[in-house]
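First comes the structure, then the notes that go with it.
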Amino acid sequence: MTDKDKGIVEPFTPWQETTKGGVVTSSGNAHYYETGGWRADKPEWDTEKCRQCLMCFPVCPDSSILTEDKKMIGIDYDHCKGCGVCANVCPFHAISMVKA
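Now the structure itself:
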C-alpha cells in the first residue's frame, strides 16, 4: 500500500497534486493520523463507576473507546478529539470531560 492509497497528503503538497475539493478517495485511513492533539477537553474514565454497559462505544465518532472481550479497556487519546459524546451518554457518569 502506498501513501497515495492511504489517502495521505504530505505537507507542502502543491494543490495540483491533491484531489479536487480535498475529497477523501479511500476509507479506513483514520488510523494513519494522530488527531488527538486537536482537543481542548478530554474524557477521563473512572473504572470504579463503569458498569461495562458500553453505551459509549457505538456513539464515539472517532472509534476511540477501546474494548476487549466486550469490555471497555481504555480510551485512545491519539485519535479522540474530545467531543464529549461518550460522557453525555454514560448513564453511570463513569466518563467525565476535563481540560486537556
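To convert, take the position in the sequence shown, counting from 1, and add 7; that gives this note's numbering.
Built from N, CA and C at the ideal position, the CB exists for glycine as well.
Cα atoms of Tyr-39 and His-100: separation of roughly 31 angstroms, rounded to the nearest angstrom. Residue Ala-107 holds the alpha-carbon nearest to the alpha-carbon of Cys-90 among Gly-28, Ala-107, Pro-98, Ile-80. Only buried fits Ser-71, as 16 or more other CB atoms lie within 10 angstroms of its CB.
Excluding residues up to 5 positions away in sequence, Pro-50, Cys-63, Val-66, Cys-67, Ile-72, Ile-102 lie with their Cβ nearer than 7 angstroms to the Cβ of Cys-93 in the same chain. Nearest neighbour of Asp-83 by Cα position, chosen from Asp-53, Asp-69, Trp-22, Asp-48, turns out to be Asp-69.
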